[in-house]
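The next block holds one structure in the form of structure tokens; read it before the comments.
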Amino acid sequence: MACAFRRSIASQLSRVLDLPPENLIKSISAVPISKKEEVADFQLSVHSVLECNSGQSKPDIQVQARRLAEKLKCDTVVSEISTGPGTVNFKINRELLTKTVLQQVFEDGVNYGLKSELFSGLPQKKVVVEFSSPNVAKKFHVGHLRSTIIGNFIANLKEALGHQVTRINYFGDWGMQFGLLGTGFQLFGYEEKLHSNPLQHLFEVYVQVNKEAADDESVEKSAREFFHQLEAGDEQALSLWQKFRDLSIKEYVQIYKRLGVHFDEYSGESFYREKSREVLRLLDKKGLLQRTKKGTAIVDLSGKGDPSLSCTVMRSDGTSLYATRDLAAAIDRMNKYNFDSMIYVTDKGQQNHFQQVFQILRLMGFEWAERCRHIPFGVVQGMKTRRGDVTFLEDVINETRLRMLENMTFSKTSKELENPHETAERVGLAALIIQDFKGHLLSDYKFNWDRVFQSRGDTGVFLQYTHARLSSLEATFECGHLRNINATCLQDPQSISILQHLLRYDEVLFKSSQDLQPRHIVSYLVTLSHLTAVAHKTLQIKGRLPEVAEARLHLFKAVRSVLANGMKLLGITPVSRM
């Protein structure tokens, strides 16, 4: 793979530049493929390795690039050396490139790209990822879809890199809304409706009690009293709350199963109602807790008494808040998991909240607060079903499956599928995930059903179609042993472009591991699929000489393997037929 070639180039450079090879590895990158011309395989950024005066102009860099290139020699690995704008370019021996890349893909399997020297020296860490976190007693809102799939991707990537990952679903299962819901159920709830369709009935109750509370102060007062009873541990109030929680989680688990997402721990704000009191005592002991005239408790984050830079940690009636419970949860997780990194995946509206939580942890003397990181994401706009504005995730998944089934009716092979509904759902979810992951996570984007389901665009449907098509090739033609392939049969432009692109996979994984953005992997897989579509038309297998057919089949098999690896990291289950 790329690692063997990088090492060889770095070894020769180290002798000329008098620098250790390991210092040069990350300055040598695979060259992105070009539609216009055949490009070199690797390039060295001269600026990154030579000591240049800040005032130096580009021509000087170019001169140094030429001088460096003149000192280097071709060998059994490098067949051609040239210069570009501020770079020295290396072309790898074509037969060696072919055999090495294919051999590495098949030998490493699911770990292809992950064994690269780009990741060498990185210690295995304990990583906690908190994501999804829907509000209990409410139907799974579509707004939690992004947190769920982004958090799942981050956890998948961290696990693939060898870290010990704990996936936590931190339910919104505590707070004043349960005071309203408890009061509402006492006024408008029905046991039979609760058990037949729990989340729908609780949603209806919640809407109704909010309307009543807006017009009747006594309802709001009852809600405050109910939540106060919960905080005080009243058995009757807790029993009703526990019923709401259990029924909610039961439904959520079914949705997670459809999404292909799992968790190691189902937690929630309720777990920290007692521990949040300990946090308040600790804040008070450290002199960080201040009382306001309204009776609330705050932490001054300005250090100068600026009320606009404070965080409220307790209500006037003594009940806890979201921030207090997040502080308690963070401390508890550090004690429990001794994590090296904890990642929170929520929408960008909570950026200020997490900045405050992390700052309070630092003020409390917890140096490990530096290990906490918030990954924010933007808002999805215009997500509607045919019945109108969509609110619930289940409706989106059902709509996705329905639309995909309709699209698949025009395909001949769809009629032969054993389980067309399952295939449609998997392809549909791939479409949703790729649409979501194409841009920067922090960006808002406008949802468009027609664009999502295009089979020839940069979509999840196109990735699934490519994987299914390659799986069909493998099923149709028998693939022999890699040792027997003739590398000279894969020297055409289409084959070389694919091999060059496969070379870059480790760099793409490294980039995503640095900024936790899935768009790098999405862009890579889409390009790989487009290259494959062109190659599939020109590199025929049927009716060709056995050695040509065998070589091409191995190339397509390698593509399918890498495509499947990347899709799984993104949280997509590849389909073999569609």
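Counting in our numbering, the sequence shown tops out at residue 1044, every number present.
Here a beta-carbon is modelled for each residue, glycine too, at the ideal position from N, C-alpha and C.
The model shown is predicted, which means the values in this text are computed figures rather than measured ones.
Could you check what DSSP says for residue i in three-state terms: helix, strand or coil?
i, result
"residue 663", "coil"
"residue 808", "strand"
"residue 691", "helix"
"residue 970", "coil"
"residue 1044", "coil"
"residue 780", "strand"
"residue 499", "coil"
"residue 832", "coil"
"residue 558", "strand"
"residue 606", "coil"
"residue 506", "coil"
"residue 764", "strand"
"residue 756", "strand"
"residue 797", "helix"
"residue 677", "helix"
"residue 433", "Past the edges of the chain, shown from 467 to 1044, lies residue 433, and the structure says nothing about it."
"residue 521", "Because residue 521 carries a pLDDT of 49, less than 50, the predicted location of this residue cannot be relied on, and the following value inherits that uncertainty. DSSP places residue 521 in coil when its eight states are reduced to three."
"residue 983", "coil"
"residue 1003", "helix"
"residue 491", "helix"
"residue 543", "coil"
"residue 957", "coil"
"residue 630", "strand"
"residue 1010", "coil"
"residue 486", "coil"
"residue 1063", "In the structure as shown, the chain starts at 467 and stops at 1044, and residue 1063 therefore has no counterpart that could be examined."
"residue 993", "helix"
"residue 650", "helix"
"residue 617", "helix"
In the DSSP assignment, what are the bridge partners of residue i?
i, result
"residue 601", "638"
"residue 842", "812"
"residue 511", "553"
"residue 733", "636"
"residue 786", "780"
"residue 592", "630"
"residue 858", "607"
"residue 548", "555"
"residue 847", "912"
Quick check: residue i and residue j, are their CB atoms within less than 9 Å of each other?
i, j, result
"residue 955", "residue 999", "no"
"residue 1033", "residue 939", "no"
"residue 555", "residue 545", "no"
"residue 1036", "residue 913", "no"
"residue 862", "residue 897", "no"
"residue 953", "residue 565", "yes"
"residue 510", "residue 499", "no"
"residue 873", "residue 921", "yes"
"residue 660", "residue 692", "no"
"residue 859", "residue 607", "yes"
"residue 976", "residue 584", "yes"
"residue 579", "residue 697", "no"
"residue 534", "residue 512", "yes"
"residue 951", "residue 568", "yes"
"residue 516", "residue 543", "no"
"residue 710", "residue 644", "yes"
Strictly under 9 Å for the Cβ-Cβ distance: is residue i near chain D by that measure?
i, result
"residue 1043", "No chain D appears in this structure, which consists of one protein chain only."
May I ask whether a heavy atom of the ligand FMN can be found less than 8 Å away from the beta carbon of residue i?
i, result
"residue 582", "Because no ligand of any kind appears in the structure shown, any question about the ligand FMN cannot be addressed here."
Within the chosen definition, does the stretch 615-625 reach the stretch 583-600 through at least 3 CB pairs nearer than 8 Å?
yes
What are the uninterrupted segments assigned as alpha helix (DSSP H) that are 4 or more residues long and contained completely in the stretch 876-951, given in chain order?
Inside the stretch 876-951, DSSP marks whole alpha helix (DSSP H) runs of 4 or more residues at positions 886-903, 915-918, 926-942, from first to last along the chain.
Please confirm if the stretch 788-798 is in contact with the stretch 809-826, defined as three or more CB-CB distances below 8 Å between the two stretches.
yes
For the stretch 627-637 against the stretch 982-994, are there 3 or more C-beta pairs whose distance is under 8 Å?
no
Give a yes or no on contact between the stretch 629-649 and the stretch 756-776, applying the rule of three or more CB pairs nearer than 8 Å.
no
Would you check if the stretch 826-835 and the stretch 741-758 touch, i.e. whether three or more CB-CB distances between them fall below 8 Å?
yes
Could you check whether the stretch 664-678 touches the stretch 648-655, counting it as contact only if at least three pairs of C-beta atoms, one from each stretch, sit closer than 8 Å?
yes
Which runs of the beta strand (DSSP E) fall wholly inside the stretch 708-754 and span at least 3 residues, in chain order?
731-734
For the pair the stretch 861-875 and the stretch 1011-1028, tell me if three or more CB-CB distances fall below 8 Å.
Touching, no, given that fewer than three Cβ pairs across the two stretches are closer than 8 Å.
Does the count of Cβ pairs from the stretch 832-842 and the stretch 801-809 closer than 8 Å reach three?
With three or more CB-CB distances shorter than 8 Å, the stretch 832-842 counts as touching the stretch 801-809.
Can you confirm whether the stretch 991-1005 touches the stretch 598-609 when touching is taken to mean that 3 or more C-beta pairs between the two stretches lie within less than 8 Å?
no
Between the stretch 726-740 and the stretch 633-647, can you find at least three pairs of beta-carbon atoms closer than 8 Å?
yes
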